[in-house]
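**Student:** The sequence shown begins at -18 in our numbering and counts up by one.
Note that beta-carbon positions come from the ideal geometry of N, C-alpha and C, so glycine has one too.
One structure follows; several queries about it will come next.
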Amino acid sequence: MPKNSIADDNHYLPFIDGLRGIAILMVVWFHLSGRHHDVDYGPFLNTFIDQAALGVQLFFVISAFTLFHASGARFRTDRFPKLSFYIRRMFRILPFWWIMVFVYARLGGIHDVSRILENIFLYFGFTRYHYALDLIPVGWTIFVEETFYAMMPFLLAHVTGLAAAFRFWLATMLIAVSWKFVATSLQLPTANHFLIAFPLAHWWTFAIGIIIYFIFKDHRPAVEAFFRKWWSLVLFGLFLAYALLGNAMLWTSVALACLVPASFAGHGTIGKIARHPLLMRFGGYCYSIYLLHWIIIDALRPAQDWVFGAINLGRYALELRLVLWFPVVAAVCLGCGWAAFTFIEKPCVNLGKLTVKGVSAWLASRPPARQLAMVRVIESEEELRVNK
C-alpha cells in the first residue's frame, strides 16, 4: 500500500486515490483559470474549463463510495459503530480544517470572533449568503460533506442493495428539485451561490456514489470486462457530454462518475491511469491541497507575472499561459499537500484510531445499561453538532 494512504489495508482501493487525484487537479485547474471570476477563454474552451469545477461532484461520488465500502464493514464488526464512525470522521476532517480557518482569518485580517466560530463549528453553511461570513472559499463543500456524514448510520442501515440505492437517488433528486422550488418561492437569499451550494442540492451526487458501490460489490467482474473492452467509448462519451451538455450538471456529473466503475479493472486503460503513482500522490494529499490551493494560487501570482514578463509571454493568449503555469502550481500544491498530510493529517487520523480503541475499551468495561446511556448521549451530541 502506498505510504500516502491513510486507509486500512483491508479497505484500501488504489484506484480511489488516483480518482481523487483527478478530482483535485480539476478543481485546481478551474480556480487557476479564473473562470470563477468570469475570465473569458471563448465559448468552446469556457465550456470545458467550467466543467473542471465538477471535480467537486467527483469528490462527493468517491466519498459516498468509500464510506460505504469501509464503514459498511466496520458497522458489522465494531462494538460501538456509530460512535466510532463519528470519532473517525472528526479526527479526519476537523483538525486541519480548524488550522486553515485560523490561517485564512489571519491572511484576511479577520478578527471577528463570531465569524471565526461559525467556521470552526461548521454552521457557516446556513449563513454563507453573507459574503462576509464565508471564510474559506471552498469551505461550502466541507459543510455539504458533514451533512452527508450525519446521515451515514441511517443510510447504512436502510440502503442495503442496488434497488434501495436507486430509490435513495430518486428521493435525493426530488429533494434537490423541491429545494430549488421552495427556496425560490420563499425568496431565500441567492448571494454567494447560497441556493445551489446548499447541501440539499447535492445529496443526489452522493447517492450516485452509493449506487456505484453496490455495482462494485455485486457486479464487479461484469463491469470490469465491459470497461476493458469499451474504455475508449467511455472517454468519448465523457468528452461528448462535456461538449454538448454544457452546464447540465446532472448529466455531466453522471458522465464523470462513470470514471469510477471504469477504474475497477487494474488491467484496463482507465484503471491504469487511475493507478498512476503521481495521480495517487495527488489523491492521497487531496484534502490538504483542497484547503491550501487557493492560498497557493494567490501566493504564486507575483512569480507568475515575473516569469511571464521575463520570457516575454505576457502578450500571449490566456490559454497558453494557463497551460504553462498549471504544472508549476500543481507541483507546489503537491509539495505543500505532502507536508500537511505528513505532519498534520496522518498523525491526527492515527490519533483518531487510537481514540476509537480507547473509548470502545472504556465503554466495554462499563455495565451494559450504562454503556447504552453513554453511547446515546455522545452520538446525539455529535449528530446535533453536525446538523447545528
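On the DSSP letters alone, give me the boundaries of the alpha helix (DSSP H) that residue 331 sits inside.
**Tutor:** Numbered from 1 along the sequence shown, position 350 holds the residue referred to as residue 331. It spans 327 to 345 - the alpha helix (DSSP H) in which residue 331 sits, taken as one unbroken run.
**Student:** What do you reckon, are the CB atoms on residue 180 and residue 125 nearer than 8 Å?
**Tutor:** Here the question's residue 180 lines up with position 199 in the sequence shown. Here the question's residue 125 lines up with position 144 in the sequence shown. Cβ atoms of residue 180 and residue 125: closer than 8 Å.
**Student:** Give, in chain order, every unbroken run of the alpha helix (DSSP H) that is at least 4 residues long and sits entirely within the stretch 41 to 105.
**Tutor:** As far as the stretch 41 to 105 is concerned, its whole alpha helix (DSSP H) runs of at least 4 residues are 62 to 88, 94 to 101.
**Student:** When we look at the beta-carbon of residue 112 and count the other beta-carbons within 10 Å, is it buried (16 or more) or exposed?
**Tutor:** Here residue 112 corresponds to residue number 131 of the sequence shown, with the count starting at 1. By the 10 Å Cβ count, residue 112 comes out exposed.
**Student:** Would you decide whether residue -18 is buried or exposed? Buried here means 16 or more other CB atoms lie within 10 Å of its CB.
**Tutor:** Taking the first residue of the sequence shown as 1, we reach residue -18 at position 1. Any reading at residue -18 needs caution, since the residue's pLDDT is 43, under 50, leaving its predicted position unreliable; the model's value is listed next. When all chains shown are included, residue -18 counts as exposed.
**Student:** Could you give the residue range of the alpha helix (DSSP H) that holds residue 32?
**Tutor:** Here residue 32 refers to the residue found at position 51 when the sequence shown is read from its first residue. Here the alpha helix (DSSP H) through residue 32 covers 24 to 32.
**Student:** Within 10 Å of its beta-carbon, does residue 18 have 16 or more other beta-carbons around it, so buried, or fewer, so exposed?
**Tutor:** By 1-based counting over the sequence shown, the position of residue 18 is 37. Exposed, by the Cβ-count rule.
**Student:** What first and last residue would you give for the alpha helix (DSSP H) that runs through residue 182?
**Tutor:** Your numbering for residue 182 matches position 201 in the sequence shown. Where residue 182 is concerned, there is no enclosing alpha helix (DSSP H), given that its DSSP letter is neither H nor E.
**Student:** Return the chain-ordered ranges of every alpha helix (DSSP H) run that is complete within the stretch 136 to 189 and spans a minimum of 4 residues.
**Tutor:** Here the runs fully enclosed are 143 to 166.
**Student:** Please list the terminal residues of the continuous alpha helix (DSSP H) segment that includes residue 323.
**Tutor:** Mapped onto the sequence shown, residue 323 falls at position 342. From DSSP, residue 323 is part of no alpha helix (DSSP H); its letter is neither H nor E.
**Student:** With DSSP collapsed to three states, give me the class of residue 19.
**Tutor:** The residue you call residue 19 lines up with position 38 of the sequence shown. Here residue 19 sits in coil by DSSP.
**Student:** Using the rule of at least 16 other Cβ atoms within 10 Å of the residue's Cβ for burial, across every protein chain shown, is residue 201 buried or exposed?
**Tutor:** Walking along the sequence shown from the start, residue 201 turns up at place 220. Residue 201 should be labelled exposed.
**Student:** So what's residue -14 in DSSP terms, helix, strand or just coil?
**Tutor:** Position 5 of the sequence shown, counted from the start, is the residue given in the question as residue -14. Coil at residue -14, not helix or strand.
**Student:** Could you check whether residue 313 and residue 277 sit closer than 8 Å to each other, using their CB atoms as the reference points?
**Tutor:** Walking along the sequence shown from the start, residue 277 turns up at place 296. Walking along the sequence shown from the start, residue 313 turns up at place 332. Taking 8 Å as the Cβ cut-off, residue 277 and residue 313 qualify as a contacting pair.
**Student:** Cα separation between residue 127 and residue 136?
**Tutor:** If you number the sequence shown from 1, residue 127 lands on position 146. If you number the sequence shown from 1, residue 136 lands on position 155. The alpha-carbon atoms of residue 127 and residue 136 are separated by roughly 14 Å.
**Student:** Compare the C-alpha of residue 16 against each of 5, 4, 29 and name the closest.
**Tutor:** On the sequence shown, position 35 is the one that residue 16 refers to. When each option's Cα is compared against that of residue 16, the closest is 29.
**Student:** Return the residue from the list 36, 335, 320 that minimises the CA-CA distance to residue 77.
**Tutor:** In the sequence shown, counting from the first residue as 1, residue 77 sits at position 96. The residue with the shortest Cα to Cα distance from residue 77 is 320.
**Student:** In terms of alpha-carbon separation, which member of 60, 129, 246 lies closest to residue -4?
**Tutor:** Here residue -4 is taken as the residue at index 15 of the sequence shown, counted from 1. With distances taken between Cα atoms, residue -4 lies closest to 246.
**Student:** Closer than 7 Å by C-beta to residue 311: which residues in its own chain qualify, once you throw out the five before and the five after it? Chain order, please.
**Tutor:** Residue 311 sits at position 330 when you count from the first residue of the sequence shown. Excluding sequence neighbours, residue 311 sits near 6, 9.
**Student:** Alpha carbon to alpha carbon, how far is residue 172 from residue 108? Give it in angstroms, no decimals.
**Tutor:** For the purposes of this step, residue 108 is taken as residue 127 along the sequence shown, with counting starting at 1. For the purposes of this step, residue 172 is taken as residue 191 along the sequence shown, with counting starting at 1. Their Cα atoms are separated by approximately 10 Å.
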